[in-house]
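Q: In the numbering used here, the protein residues as written are 1 to 229. Below is one structure. I have some questions about it.
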C-alpha cells in the first residue's frame with residue numbers, strides 16, 4: 001500500500017512539474033532552452049547560460065538576484081551556478097598560454113588577475129603545493145582593476161614570467177614596462193566559453209572548476225581524490 005501511495009505521489013509531482021513547465025514556456029518562450037528545477041518553497045530556479053532567476057509556481061513573483069540560505073549561510077545562486085558550469089575540455093587549456101610554476105607530475109590551471117586580492121592570497125597557497133605543475137592563465141578583469149591588463153602584459157613579456165608574477169603578487173614588485181604578443185585575449189575568450197566570471201578559478205584535470213582562494217590543503221585533498229578515480 002505504501003509503495004502505491006508513493007507511486008501516486010510521485011506521479012502527481014511529475015504532472016505538476018510538467019504543467020508548470022508548459023505554463024512557463026507558453027508565457028516565456030525564451031525559457032525553453034533553460035534548466036528548470038524546484039528550488040525552495042514554491043519557487044523554481046531557471047538557469048540559462050550565466051543567468052539565474054527564480055519564479056514561483058503561479059508565475060506571479062520573479063526574483064532576479066542572489067538568494068541566500070541563512071540557516072546554512074550559503075548562496076543558493078552560487079551553488080546553482082557552479083552545478084551548471086560546463087566542465088573544461090582539457091584540450092582547450094593551452095600550456096603555452098599560461099605561466100608555468102613548478103615541475104610536478106600533477107597539473108592544475110588557474111585563471112588569475114594580478115590585481116585581484118584573492119588571487120594574491122591563492123598565489124601564496126599555491127607555493128605550498130608539492131609535486132604540482134601550476135599553469136597560471138592571466139585573466140585581467142579590467143572592469144574591476146583598470147591597470148590589470150597592462151600589468152599582466154608586462155609580466156608576460158618579462159624574461160622570467162614566473163618570477164615576475166610571484167614578485168608582483170606576493171611582494172608588490174612591479175614588472176618592467178614591456179609590450180609583446182600575449183594570450184590575454186585568448187584567455188578571456190576561454191574564460192567566457194566556460195563561464196568563468198571571476199578570479200581566481202582553479203581548473204583540475206577532470207575539467208571541474210573551483211573558484212576562490214582555496215587553501216593548499218583543500219587543493220591537495222582534491223588532487224588526491226582525483227588520483228584515486
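All residues carry an ideal CB built from backbone N, CA and C; glycine is no exception.
Once you ignore the five residues that flank residue 31 on each side, which residues in its own chain have a CB closer than 8 Å to its CB?
A: 24, 25, 46 and 48
Q: Over the uninterrupted alpha helix (DSSP H) stretch that includes residue 78, give me the two end residues.
A: 76-83
Q: Is it buried or exposed, residue 77, if we count other Cβ atoms within 10 angstroms and call 16 or more buried?
A: buried
Q: So within the region 103-183, which uninterrupted alpha helix (DSSP H) runs reach at least 4 residues, ignoring any that extend past its ends?
A: As far as the region 103-183 is concerned, its whole alpha helix (DSSP H) runs of at least 4 residues are 117-126, 148-156 and 161-171.
Q: Taking Cβ positions, are residue 94 and residue 133 nearer each other than 8 Å?
A: no
Q: Out of 115, 84, 171 and 213, which one is the CA nearest neighbour of residue 51?
A: Nearest of 115, 84, 171 and 213 to residue 51, Cα basis: 84.
Q: Across the region 177-193 and the region 152-162, are there enough close Cβ pairs to call them in contact, namely three or more that are closer than 8 Å?
A: yes
Q: How would you write the range of the alpha helix (DSSP H) that residue 51 sits in, first residue to last?
A: That residue, residue 51, is in no alpha helix (DSSP H); its beta strand (DSSP E) goes 51-56.
Q: With DSSP as the reference, identify every bridge partner of residue 62, one or two as the case may be.
A: 55, per the DSSP bridge assignment.
Q: Please state whether DSSP places residue 208 in a helix, a strand or coil.
A: coil
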